[in-house]
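Numbering (my numbering), first residue to last: 1 to 154. Structure first, then comments.
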């Protein structure tokens, strides 16, 4: 736990360090409990553990510090349901939570959806993957870091 003014206490030192080192256009994955985090991280991304934390609470805390990219269609991407889950009518209520949190943080874009294996390939290119305790199916989320205007730096 980090105890600093203005910094959400649930953000670990490792996560804060990763967020600080990311540059414009870098991505970070918030991974649910079913995501192959360790396998994906063998391809390059840093693995950060946030076991026990749900993605909505982590997302809300991260967006207090992380600017989202305004130069892309959507700086937030979820994994699209596979066809068998679509056919079953599987619901993804956690996506509504993500969208609400993003809107509250000033992101006017809608969540983008990415095919499962394309999502895995994009995750391999991420700066870091955060392994969370999120149990919602299709709870994975990729965020793209934006820029801070000079006046926002001080």
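The C-beta atom is built at its ideal place from N, Cα and C for all residues, glycine as well. Quick caveat: nothing in here was measured; it's all calculated off a predicted structure.
Return the bridge partner residues of residue 142 from the DSSP annotation. Residue 142 sits at position 142 when you count from the first residue of the chain shown. Paired residue(s): 29 and 77.
**Message:** Less than 6 Å between C-beta atoms, sequence neighbours within five positions excluded: which residues of the same chain meet that for residue 94?
**Reply:** Start at 1 with the first residue of the chain shown, and residue 94 comes out as number 94. Closer than 6 Å at the Cβ level, and outside the excluded window around residue 94, lie 136 and 139.
* Close Cβ partners of residue 134 (< 7 Å) along its chain, the five nearest in sequence each way excluded -> Taking the chain shown and counting its residues from 1, the one referred to as residue 134 is at position 134. Around residue 134: 32, 33, 54 and 55.
Next on the checklist: If you follow the alpha helix (DSSP H) that residue 94 is in, where does it begin and where does it stop?
Outcome noted: Along the chain shown, read from residue 1 onward, the residue named residue 94 stands at position 94. It spans 93-104 - the alpha helix (DSSP H) in which residue 94 sits, taken as one unbroken run.
- residue 112 bridges to which residues according to DSSP? As a position in the chain shown, residue 112 is number 112, starting the count at 1. DSSP, once it has assigned bridges, lists 77 as partnering residue 112.
field: Any 3 or more C-beta pairs closer than 8 Å across the stretch 61-78 and the stretch 101-114
entry: yes
Check: Looking at the unbroken alpha helix (DSSP H) that takes in residue 37, where does it start and where does it end?
Finding: Start at 1 with the first residue of the chain shown, and residue 37 comes out as number 37. It spans 37-41 - the alpha helix (DSSP H) in which residue 37 sits, taken as one unbroken run.
Between the alpha carbons of residue 129 and residue 153, how many angstroms are there, rounded? Looking up residue 129 in the chain shown gives position 129. Looking up residue 153 in the chain shown gives position 153. Near 26 Å, if we compare the C-alpha coordinates of residue 153 and residue 129.
| said: I'd like the list of long-range same chain contacts for residue 77, defined as Cβ closer than 6 Å, with 5 residues on each side in sequence excluded. | reply: As a first step, residue 77 is located in the chain shown; it is residue number 77 there, counting from the start. So the list reads 112, 114 and 142, once near-sequence residues are dropped.
* Asked: Thinking C-alpha only, which one of 66, 79, 5 and 90 is nearest residue 18?
  -> Within the chain shown, numbered from 1, the residue matching residue 18 stands at position 18. Comparing Cα-Cα distances from residue 18 to each of 66, 79, 5 and 90, the minimum goes to 66.
message = Contact defined as beta carbons within less than 8 Å: I believe residue 119 pairs with residue 79. What is the distance between those atoms, to the nearest angstrom?
response = Residue 119 sits at position 119 when you count from the first residue of the chain shown. Residue 79 sits at position 79 when you count from the first residue of the chain shown. Yes, residue 119 and residue 79 are in contact; Cβ-Cβ is about 4 Å, under 8 Å.
Exercise for review: Take residue 37 and list the residues in its own chain whose beta-carbon comes closer than 7 Å to its own, dropping the five residues that flank it on each side.
Suggested key: Against the chain shown, residue 37 aligns to sequence position 37. These residues qualify, in order along the chain: 31, 47, 129 and 131.
Exercise. Please report how far the alpha carbon of residue 102 lies from the alpha carbon of residue 63, in whole angstroms.
Key: Reading the chain shown from its first residue, position 102 is the one you call residue 102. Reading the chain shown from its first residue, position 63 is the one you call residue 63. Inter-residue distance for residue 102 and residue 63 is about 8 Å (C-alpha atoms, whole angstroms).
| So, helix, strand or coil for residue 173, using DSSP? | Within the shown structure, residues of the chain are numbered from 1 to 154, placing residue 173 beyond reach of any answer.
Practice prompt. Could you pull out every residue in the same chain whose Cβ sits closer than 6 Å to the Cβ of residue 216, ignoring the five residues on either side in sequence?
Written response: Because the chain spans 1 through 154 in this model, residue 216 falls outside it and cannot be assessed.
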